[in-house]
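Following: one structure in structure tokens, then a few remarks.
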């Protein structure tokens with residue numbers, strides 16, 4: 001395994017080539033047996049189907065971030081129910097420098113009503129079964145997180 005080189009760029013406010021990880025929150029939003037997917041409108045993974053979520057703001061709890069991000073991206077009000085897992089998302093560039101580095105806290109949440117209306121950095125939104133979500137998503141970690149959340153949900 002090739003070691004990823006730290007970024008030489010010191011701009012702490014930049015998500016590209018950061019000098020520290022960004023804390024992000026991904027949200028597995030459930031309605032019945034379906035999970036909410038959004039098509040990303042911003043990098044990283046521009047245009048790919050993913051979970052709603054985004055960067056945690058100073059002073060916010062993880063659950064507050066989860067609820068805010070889903071509301072901003074889809075207009076849906078959710079109730080966070082638990083932490084599913086934590087993902088290290090480190091993306092190197094062609095030269096081995098860290099292009100993106102996120103520590104993603106994956107949160108499960110429930111949505112009781114309303115239909116998603118895309119805004120912020122979501123281009124589209126769909127409700128999908130975990131199997132359908134596995135076919136739509138391209139990133140292995142997204143598929144793994146959804147499968148883990150589904151297994152925990154069915155275990156009760």
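Residue numbers (UniProt numbering): 1 to 156. Here a beta-carbon is modelled for each residue, glycine too, at the ideal position from N, C-alpha and C.
Is there at least one non-hydrogen atom of the ligand PLP closer than 6 Å to the beta-carbon of residue i?
{"i": "residue 52", "result": "In terms of ligand content, the structure shown is empty, and the ligand PLP therefore cannot be addressed."}
Can you say whether residue i is buried or exposed, counting buried as having 16 or more other CB atoms within 10 angstroms of its CB?
{"i": "residue 90", "result": "exposed"}
{"i": "residue 94", "result": "exposed"}
{"i": "residue 86", "result": "exposed"}
{"i": "residue 154", "result": "exposed"}
Leaving aside the five residues before and after residue i along the sequence, list all residues of the same chain whose C-beta is less than 6 Å from its C-beta, in chain order.
{"i": "residue 76", "result": "70, 111, 114, 116"}
{"i": "residue 160", "result": "Outside the shown range of the chain (1 to 156) lies residue 160, about which nothing can therefore be said."}
Output needed for residue i: all residues of its chain with C-beta closer than 7 Å, excluding positions within five of it in sequence on either side, in chain order.
{"i": "residue 33", "result": "129"}
Would you tell me roughly how many angstroms separate the C-alpha atoms of residue i and residue j, rounded to the nearest one?
{"i": "residue 41", "j": "residue 47", "result": "6 Å"}
{"i": "residue 98", "j": "residue 20", "result": "10 Å"}
{"i": "residue 64", "j": "residue 96", "result": "34 Å"}
Between the Cα of residue i and the Cα atoms of the options, which residue gives the shortest distance?
{"i": "residue 24", "options": "118, 61, 140, 39", "result": "61"}
{"i": "residue 139", "options": "55, 80, 88", "result": "88"}
{"i": "residue 146", "options": "15, 14, 30, 22", "result": "30"}
{"i": "residue 37", "options": "136, 15, 144, 151", "result": "136"}
For residue i, does the three-state DSSP call read helix, strand or coil?
{"i": "residue 34", "result": "strand"}
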